[in-house]
Amino acid sequence: MKLYTPRTNYDDLLTKKGYARRGASRIVRWLRSKSPDVMKRYRDAAELAVKEMGISFTVYSNGSNIDRSWPVDVIPRVISAAEWKRISRGLAQRSRALNKFIHDVYNRRRILAEDVVPPDLVLESPNYQKACFNVVPKFEAWAHICGTDLVRDQRGTFHVLEDNLRVPSGVSYMIENREIAKRTLPELFANQSILPVDDYCSNLFQMLVSLAPGDRRKPCVVVLTPGIFNSAYYEHAYLAQGMGVELVEAGDLFVTDDNEVFMHTVEKEQRVDVIYRRINDDFLDPEVFKKESVLGVPGLMRSWKAGKVALANAPGAGVADDKAIYAFVPAMIRYYLKEEPLLPNVKTYLCRNKPDLDYVLNNITKLVVKPVNESGGYGILVGPHSSASECSRFASLIEADPENYIAQPTLTLSTAPTLIDESIQPRHLDLRPFILKGKKTWVTSGGLTRVALREGSLVVNSSQGGGSKDTWIIEADS
Amino acid sequence: MLSRVAESVYWAARYLERVENVARLVRSYNHLIMDIPVGSEPSWSVLVDILEAKDQFYKIFRKETEKNVHSLLMGKEHASCSIPFSINQARENVRITRDVFPEEAWEHINELHLYTIGNRSAATSRRNRLLYLEEIIQTCRAFAGLMQSTASRDNTYGFYKLGQFIERADMTARIVNVGAGDVLDREGEFFAIDPLLWGALLQALSGRSAYRREIGPIVDKDSFIDFVFKSRNFPRSVFFCLNELRRYIGLLPGGDDTVNSVDRIRRRLRRFNSDRKSREGLNLFIDSLQSSLIMLDDDFRSCWFQRSMR
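Taken in sequence, the protein lines are chains A and B.
Count along the first sequence starting at 1, add 44, and that's the number in our numbering.
Going by our numbering, the residue at position 224 of the second sequence is 211; the numbering climbs one at a time, nothing skipped.
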């Protein structure tokens, strides 16, 4: 196959001159030696593996569920182990600081009192849950499972794009992608050491067990799902099965008057000690949050506050993943840990500050503008890709409500060789590693790499035509 | 095991058993009609009656023709009496409990679903119709075989068996009830074809050769009813189903009360004597048998599936 020479941006496999990067030489050599026909066979094999393994994600439309096959590109993305070591230290550092921050704002509020983070930014955020005030979860850990989105800039430096602290998903696909790669490319696994990823479920389980209240022996851990209509249901079932625990829905659980949580089984009620919940805060407990929620369990918050059950992630953890708080994470790291941040943020302009606002309004065509409290890519303006009228519409939105907007420079994301039809072309990538925080902090080896399959596109979401790649952390170059 | 999961397994089994039974019933009725001289064949509406689907039928169709009856039962996935409806229900139940079934179970049931979607129009011609029914029956049997040979004998298997046997008992009772009612209606009038009708009903239960060996070659009303109600050896007789239910309940946790309910039905069945029954008497007995099966289903629910606070 013919490879390209990446000119305008950083490429994960190829240097500017078109040579293989460190760690990628075997893959690049392998790619060059294959004909389009052979590559097509590899792709078919991967697609077949996906079908046979039944890996799907759910799209809900027209009143019924459609299971779509998970899109995987056969060419893996490579990161050298030395680089990954630095990154994972940076991720662990970030998770420690974020957890200290969440604990602080729900308890002593030191960081607000000292005005390192503006108090109104936190206390008036819709993600700040008053119900969590004065709660002390075990190990003072709140964001037990964090999915952090990373992107490389033009020079190849990894930046944190956002921290997902509520119910981040994608980890099951990271594990399945490796399984597919092993089935399709067994020859590439010979003679090089690629760090394994299938230890996630056991690490997740250990972390969850460590959260059990008091000294309960053999605690009962469950995964709480909103149900079959949720787009990540496949993952909920996957994780429950991977840990060997029950996958429960709200109707399976109830809370007694003395605040214990039980589940209905065919034998007798069984006490539940730890809940890995995949339901958003708002729907978690109709006694406290949205009253009309049928996805939640009445009394769950009572039980959690009384220390009778552990919830992962803890309610209220979302206070630290809004886009304005994001800008203060480096400051948090310095404040709580007395360390310099190992992973840089993307430069962020807070429109609530007058100088930033002026800069944003004057340079809107160069920037990406995001509303503070939306997630999933809604309501975003990508200046360079938008019309003049779109930009001026956004400018007036920002002026009307500056508190609600932030802006960032438009990044040139890195690319990697991707099989498109019969040829290999550069496509943009991001990376979502997962960080577990219980008694200890643990980071996945690599993460889920998502790739925008349309030429030039920066949108990597699987529901919008994005694909994925297996991510190889390679120990040493051979 | 979670109550919700147990209930889904139970219903997946019930719906699958229903699919096979309905397919089998329609197939043998088609065979029967081909055996009977033109002019004296019984009405196609018998099928709709057995499934208690008169209301559903007249919501969609006006006349009980061969074509309409079959397109209801084979093509209308929103009608609860139809084969595709039951397949969908079974599929939805397996989908949310995939992890407790053997690995291939989901694939199997998914294929069944895809097959019915691809063959909606098979109902119209007799030839395609029979091929369709054959395929459905075979796949259901393959699923049962898969469970038999690969499912581990845990609570999941127990609830699967409960669903299978309660549904089977109910279907057998239905076939005797409306089928026998229809035949009795015509007694005298269709004397010559009478044995054919009994034979067809027996075939709907796959019981011809078992009957021959246990009773003899001649099929008449009383021994037919005795056989399909009370045989200890024939796996589709009501008595056999009750014995199996009793056995599997015994393997599940805390089912003492439900064992008593099953025993009550068994006692009544043992006392039942078909030659001393008039037609009304028979119908009344079957009705009460069916309602006691419904009560048994309620017992299962309150014993294992209930999820309100106890």
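Cβ atoms here follow ideal geometry from the backbone N, Cα and C, with glycine treated the same way.
query: CB contact check: residue 496(A) to chain B, cutoff 8 angstroms; result: no
query: Close Cβ partners of residue 297(B) (< 6 angstroms) along its chain, the five nearest in sequence each way excluded; result: Because residue 297(B) sits at a pLDDT of 44, beneath the cut-off of 50, its placement in the model cannot be relied upon, and the point is left open.
query: For residue -12(B), the residue or residues it bridges with in DSSP; result: In the DSSP output, where bridge partners are listed per residue, residue -12(B) has none listed.
query: Residue closest to residue 240(B), alpha-carbon to alpha-carbon, out of 92(B), 143(B), 126(B), 40(B); result: 143(B)
query: Cross-chain neighbours of residue 309(A) in chain B, by beta carbon under 7 angstroms; result: -12, -11, -10
query: Residue burial classification, residue 251(B) (beta-carbon count within 10 angstroms, cutoff 16); result: exposed
query: Local conformation of residue 60(B) per DSSP, three classes; result: helix
query: Test: residue 0(B) CB closer than 8 angstroms to a CB of chain A; result: no
query: Opposing strand residues paired with residue 461(A) [DSSP bridges]; result: 470(A)
query: Any chain A beta carbon closer than 8 angstroms to residue 150(B); result: no
query: Among 56(B), 163(B), 244(B), nearest to residue 184(B) - alpha-carbon criterion; result: 163(B)
query: Neighbourhood of residue 184(A) by C-beta, 8 angstroms cutoff - its chain only, sequence neighbours within 5 removed; result: 143, 144, 147
query: Beta-bridge pairing of residue 307(A) - partner residues as DSSP gives them; result: 297(A), 314(A)
query: Residues bridged to residue 486(A) [DSSP beta-bridge criterion]; result: 480(A)
query: Residue 522(A) burial status per 10 Å Cβ neighbour count (16 or more: buried); result: Because the pLDDT of residue 522(A) is 46, which lies under 50, any placement of that residue in the model is unreliable, and the number read from its coordinates should be weighed accordingly. Exposed, because fewer than 16 other Cβ atoms sit within 10 Å of the Cβ of residue 522(A).
query: Below-8 angstroms beta-carbon distance, residue 304(A) vs any chain B residue; result: no
query: CB contact below 8 angstroms: residue -7(B) versus chain A; result: yes
query: Ordered list of alpha helix (DSSP H) runs contained in the stretch 239 to 263 of chain B, each at least 4 residues; result: 243 to 258
query: Cutoff 8 angstroms: residue 522(A) Cβ touching any chain B Cβ; result: Unreliable placement is indicated for residue 522(A), whose pLDDT of 46 sits below 50; the coordinate value is still reported in the next sentence. With 8 angstroms as the cut-off, residue 522(A) does not count as an interface residue toward chain B.
query: Endpoints, beta strand (DSSP E) assigned at residue 206(A); result: 202 to 208
query: Residue 49(A) burial status per 10 Å Cβ neighbour count (16 or more: buried); result: exposed
query: Buried/exposed call for residue -6(B), threshold 16 Cβ in 10 Å; result: buried
query: Closer than 8 angstroms to chain B by CB, residue 99(A); result: no
query: Residues in the stretch 286 to 298 of chain A having any Cβ partner in chain B nearer than 8 angstroms; result: 290, 291, 292, 293, 295, 296, 298
query: Residue-level contact to chain B via CB, residue 281(A), 8 angstroms cutoff; result: yes
query: Backbone CA spacing between residue 95(B) and residue 130(B) [nearest angstrom]; result: 7 angstroms
query: Whether residue 287(A) touches residue -11(B) by CB criterion (8 angstroms); result: no
query: Meets three-Cβ-pair contact criterion under 8 angstroms: the stretch 488 to 497 of chain A and the stretch 233 to 247 of chain A; result: yes
query: Residues, ordered as in the chain, of the stretch 207 to 225 of chain A that lie near chain B by beta-carbon distance below 8 angstroms; result: none
query: Interface partners of residue 272(A) on chain B, CB under 9 angstroms; result: 79, 82, 83
query: Neighbour flag for residue 71(B) against chain A, beta carbons, 8 angstroms; result: no
query: Backbone secondary structure at residue 191(A) - three-state DSSP; result: strand
query: Contacting residues, own chain, Cβ-Cβ under 6 angstroms from residue -2(B) (five flanking each side not counted); result: 80
query: In DSSP terms, what residue 389(A) is bridged to; result: 204(A)
query: Proximity below 8 angstroms, CB of residue 253(A) to CB of residue 294(A); result: no
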